[in-house]
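Chemist:
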Amino acid sequence: MITLYSILITVSVYLFVRFLAKKYSSPLTSPVFLSTIMIITFLVVSNISYGEYMSAKKIMTYLLGPSTVALAVPIYKNRDLFAKYFGAAFVGLSIGIVTTITSAILLAKWLNLSDMFIRALTVKSVTVPVATEIGRIIDGNISLIAAYVIITGMIGAMFGARILNLFKINHPFARGLAIGTIAHGIGTAEAVKEGEVQGAVAGAAMGIAAVLTSVIIPYIIDFII
Amino acid sequence: MRKVWKFSIQMLILIVIYQIGNWTAGFFHWQIPGNVVGIVLLFIMLWLGVIKLEQIELASNWLLKHLGFFFIPISVGLMTLGDIFVEKGLVLLVVLIASAFIGLFFAGKVTQTVIRENEKEKVKYHDHAL
Chain A
0 MITLYSILIT VSVYLFVRFL AKKYSSPLTS PVFLSTIMII TFLVVSNISY
50 GEYMSAKKIM TYLLGPSTVA LAVPIYKNRD LFAKYFGAAF VGLSIGIVTT
100 ITSAILLAKW LNLSDMFIRA LTVKSVTVPV ATEIGRIIDG NISLIAAYVI
150 ITGMIGAMFG ARILNLFKIN HPFARGLAIG TIAHGIGTAE AVKEGEVQGA
200 VAGAAMGIAA VLTSVIIPYI IDFII
Chain B
0 MRKVWKFSIQ MLILIVIYQI GNWTAGFFHW QIPGNVVGIV LLFIMLWLGV
50 IKLEQIELAS NWLLKHLGFF FIPISVGLMT LGDIFVEKGL VLLVVLIASA
100 FIGLFFAGKV TQTVIRENEK EKVKYHDHAL
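So the sequence lines, in the order shown, correspond to chains A and B.
For the first sequence, numbering that gives the first Met the number 0 gives the first residue as 0, with consecutive numbering after it.
For the second sequence, numbering that gives the first Met the number 0 gives the first residue as 0, with consecutive numbering after it.
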């Protein structure tokens, strides 16, 4: 019963926010952000704990895997573009990952955050399932990692397009790459809406960033913290 | 009715590819998640023509349109982190926002600059050839 109620709430809130986002486009109506806040409010008011919400979550996220796989479709459709910009993509992706992790660690150290908080920052830009896997390898706090990743994704989805506009980054390939590298799946979901190229590149960048980070971070983490 | 049938079959194909991706990653003990392996698998199958675009496009487009939805139930998990965020929330938010903006800027700017430089060079080369 609670499961059914949770699903009903989640789906209706999502549909409502989607409708709202179409009418009023603002960082505050970014679907993942606003829906999450509204659903948490509903759950708290109805006295449902996250533990009780879990079974509904399992049912609703069942299609996340196949959805990620579906990203192969826009990647395939834009394969000539990928071949053409391969060099630029590789350089941009590597620099994007390095600058975001380095700046996060330096800032965290400067603000006197403890080792647990800093350690988890190394995987903040990686898609949820991969980040938690790397988290186990580097002995990080898994729920903290999940929170970093989700919040980073929301930041990218809410402000990504605006930041790119501000710095006159208007090439669709570069826009998709930046969003996918930094804001993984949640950012990609926004990039898909901006355009097919952006969505395809964001999806591919998310995958490649995940692979690069998981190959490199476990080996260098002890040197950079 | 035919469309529902077609949609379900396409969805099933994507689910099977995803599961194969999971098994493959697990079998070889790769540190790469199954869904990323699934992307590569589906791409190769499309490339080789084993699967045609129109055989999965209906379900794929629908899933991608609602990709954001699947992250919502996961994000609701943030409600369990109340304590940490009450204590350190603002500082953490500053770190996450600043580093995300820096990463977005560098990834985007570098990619765009390299693309534009390459295209300029090609034009020059073309002029010489003429």
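We put the CB at the ideal spot given by N, CA and C, even for glycine.
#1: Using the Cα positions of A/P73 and A/E189, report the straight-line distance between them to the nearest angstrom.
#2: Between B/S7 and chain A, is any beta-carbon pair separated by less than 8 Å?
#3: Run the CB neighbour count on A/N77, radius 10 Å, all protein chains shown included, and call it buried at 16 or more, exposed below.
#4: Taking the C-alpha atoms as reference points, what is the distance between B/R1 and A/I185?
#5: Cβ closer than 9 Å: which chain B residues qualify as neighbours of A/A201?
#6: Rounded to the nearest angstrom, what separates A/N111 and A/V122 at their Cα positions?
#7: How many Å lie between B/Q39 and A/S45 at the Cα?
#8: Is there a C-beta anywhere in chain B that falls below 8 Å from the one on A/S25?
#9: Roughly how many angstroms separate the alpha carbons of A/L176 and B/L89, rounded to a whole number?
#10: DSSP on A/T67, reduced to helix/strand/coil?
#11: How would you write the range of the alpha helix (DSSP H) that A/S34 sits in, first residue to last?
#12: Using a C-beta to C-beta distance shorter than 8 Å, which residues of chain A count as neighbours of B/E56?
#13: Does the Cβ of A/R161 have 16 or more other Cβ atoms within 10 Å, making it buried, or fewer, making it exposed?
#14: Against chain B, which members of the region 111 to 143 of chain A pass a CB distance test of less than 8 Å?
#15: Taking three-plus beta-carbon pairs below 8 Å as touching, is the region 53 to 69 of chain B in contact with the region 58 to 70 of chain A?
#16: Just reading off the alpha helix (DSSP H) that A/Y147 is part of, what are its end residues?
#17: Does DSSP put A/S102 in a helix, a strand or coil?
#18: Taking just the CA atoms, how far does A/A182 sit from A/L70?
#19: Under 8 Å: do the region 45 to 63 of chain B and the region 7 to 16 of chain B share three or more Cβ pairs, one atom per stretch?
#20: For A/L163 versus B/G107, is the C-beta distance shorter than 8 Å?
#21: Beta-carbon separation of A/A208 and B/V113 under 8 Å?
#22: What do you reckon, are the CB atoms on A/Y13 and A/P26 nearer than 8 Å?
#23: Going by the beta-carbon positions, is the gap between A/G95 and A/T187 smaller than 8 Å?
#24: In this structure, how does DSSP classify A/T126 when only helix, strand and coil are distinguished?
#25: My output table needs one value for A/I224: the three-state DSSP class, helix, strand or coil.
#26: Within the 8 Å Cβ cut-off, does A/Y218 reach chain B?
#27: Counting only the same chain and skipping the five closest in sequence on each side, list residues whose C-beta sits under 8 Å from that of A/N140.
#28: Please identify, using Cβ separations under 9 Å, the residues of the region 66 to 89 of chain B that lie next to chain A, in order along the chain.
#29: Give the DSSP-derived three-state secondary structure of B/G48 in the structure shown.
#30: Taking the alpha helix (DSSP H) that B/Q9 belongs to, which residues open and close that run?
#31: Could you pull out every residue in the same chain whose Cβ sits closer than 6 Å to the Cβ of B/V3, ignoring the five residues on either side in sequence?
#32: At a Cβ cut of 8 Å, what residues of the region 37 to 60 of chain A count as close to chain B, listed as they run along the chain?
#33: Which term fits A/T40, buried or exposed, when burial requires 16 or more other beta carbons within 10 angstroms of its beta carbon?
#34: 8 Å is my cut-off, CB to CB: does A/V31 come that close to chain B?
Modeler: On the basis of the data shown:
#1: On the first sequence, residue 73 of chain A is found 74 positions in, with the first residue counted as 1. On the first sequence, residue 189 of chain A is found 190 positions in, with the first residue counted as 1. If I take the Cα positions, the gap works out to 14 Å.
#2: By one-based count along the second sequence, residue 7 of chain B stands at place 8. Not closer than 8 Å to any Cβ of chain A, the Cβ of B/S7 fails to qualify, so no.
#3: As a position in the first sequence, residue 77 of chain A is number 78, starting the count at 1. Looking at its Cβ environment, which holds 16 or more other Cβ atoms inside 10 Å, A/N77 is buried.
#4: Stepping through the second sequence from its first residue, residue 1 of chain B is reached at position 2. Stepping through the first sequence from its first residue, residue 185 of chain A is reached at position 186. Straight-line Cα distance between these residues: approximately 32 Å.
#5: Along the first sequence, read from residue 1 onward, the residue named residue 201 of chain A stands at position 202. Going along chain B, no residue has its Cβ under 9 Å from A/A201, so there is no contact; the nearest lies around 10 Å.
#6: Reading the first sequence from its first residue, position 112 is the one you call residue 111 of chain A. Reading the first sequence from its first residue, position 123 is the one you call residue 122 of chain A. So the alpha carbons of these two residues sit roughly 19 Å apart.
#7: For this step, residue 39 of chain B is matched to residue 40 along the second sequence. For this step, residue 45 of chain A is matched to residue 46 along the first sequence. For the record, residue 39 of chain B in the displayed sequence is Val; it is not Gln. The straight-line gap from Cα to Cα measures roughly 42 Å.
#8: Taking the first residue of the first sequence as 1, we reach residue 25 of chain A at position 26. Chain B, which has no Cβ nearer than 8 Å to the Cβ of A/S25, makes this no.
#9: Counting from one through the first sequence, the residue named residue 176 of chain A turns up at place 177. Counting from one through the second sequence, the residue named residue 89 of chain B turns up at place 90. Going from the Cα of A/L176 to the Cα of B/L89 covers about 28 Å.
#10: One-based indexing of the first sequence puts residue 67 of chain A at position 68. Correct three-state label for A/T67: helix.
#11: Against the first sequence, residue 34 of chain A aligns to sequence position 35. Run containing A/S34: 30 to 44, per the alpha helix (DSSP H) assignment.
#12: Here residue 56 of chain B is taken as the residue at index 57 of the second sequence, counted from 1. V72, listed in chain order.
#13: Within the first sequence, residue 161 of chain A is the residue found at index 162, counting from 1. Under this definition A/R161 is an exposed residue.
#14: L112, F116, L120, K123, S124, T126, V127, P128, V129, E132, I133, I136, S142, L143
#15: yes
#16: For the purposes of this step, residue 147 of chain A is taken as residue 148 along the first sequence, with counting starting at 1. 141 to 165 is the span of the alpha helix (DSSP H), which, as asked, contains A/Y147.
#17: What you label residue 102 of chain A is simply residue 103 of the first sequence in a count that begins at 1. Helix.
#18: Position 71 of the first sequence, counted from the first residue, corresponds to residue 70 of chain A. Position 183 of the first sequence, counted from the first residue, corresponds to residue 182 of chain A. Answer to the nearest angstrom: the Cα atoms are 15 Å apart.
#19: yes
#20: Here residue 163 of chain A is taken as the residue at index 164 of the first sequence, counted from 1. Here residue 107 of chain B is taken as the residue at index 108 of the second sequence, counted from 1. Yes.
#21: The residue you call residue 208 of chain A lines up with position 209 of the first sequence. The residue you call residue 113 of chain B lines up with position 114 of the second sequence. Contact: no.
#22: In the first sequence, counting from the first residue as 1, residue 13 of chain A sits at position 14. In the first sequence, counting from the first residue as 1, residue 26 of chain A sits at position 27. Result no, Cβ atoms of A/Y13 and A/P26 do not sit closer than 8 Å.
#23: Translated into the one-based positions of the first sequence, residue 95 of chain A becomes position 96. Translated into the one-based positions of the first sequence, residue 187 of chain A becomes position 188. No, these two residues do not count as a Cβ contact at 8 Å.
#24: Residue mapping note: residue 126 of chain A aligns to position 127 of the first sequence, counting from 1. Of the three classes helix, strand and coil, the one that applies to A/T126 here is coil, per DSSP.
#25: On the first sequence, residue 224 of chain A is found 225 positions in, with the first residue counted as 1. Correct three-state label for A/I224: coil.
#26: One-based indexing of the first sequence puts residue 218 of chain A at position 219. Not closer than 8 Å to any Cβ of chain B, the Cβ of A/Y218 fails to qualify, so no.
#27: Locating residue 140 of chain A in the first sequence gives position 141, where the first residue counts as 1. Cβ within range, chain order: M115, R118, A119, G134.
#28: L66, G67, F68, F69, F70, I71, P72, I73, S74, V75, G76, L77, M78, T79, L80, I83, F84, K87
#29: By 1-based counting over the second sequence, the position of residue 48 of chain B is 49. DSSP places B/G48 in coil when its eight states are reduced to three.
#30: Locating residue 9 of chain B in the second sequence gives position 10, counting from the first residue. Note, B/Q9: alpha helix (DSSP H), 1 to 26.
#31: One-based indexing of the second sequence puts residue 3 of chain B at position 4. Excluding residues within five positions, none has a Cβ falling inside 6 Å.
#32: I38, I39, L42, V43, Y49, Y52, A55, K56, M59, T60
#33: Here residue 40 of chain A refers to the residue found at position 41 of the first sequence. A/T40 is exposed by the Cβ-count criterion.
#34: For the purposes of this step, residue 31 of chain A is identified with residue 32 of the first sequence, where counting begins at 1. A/V31 counts as touching chain B.
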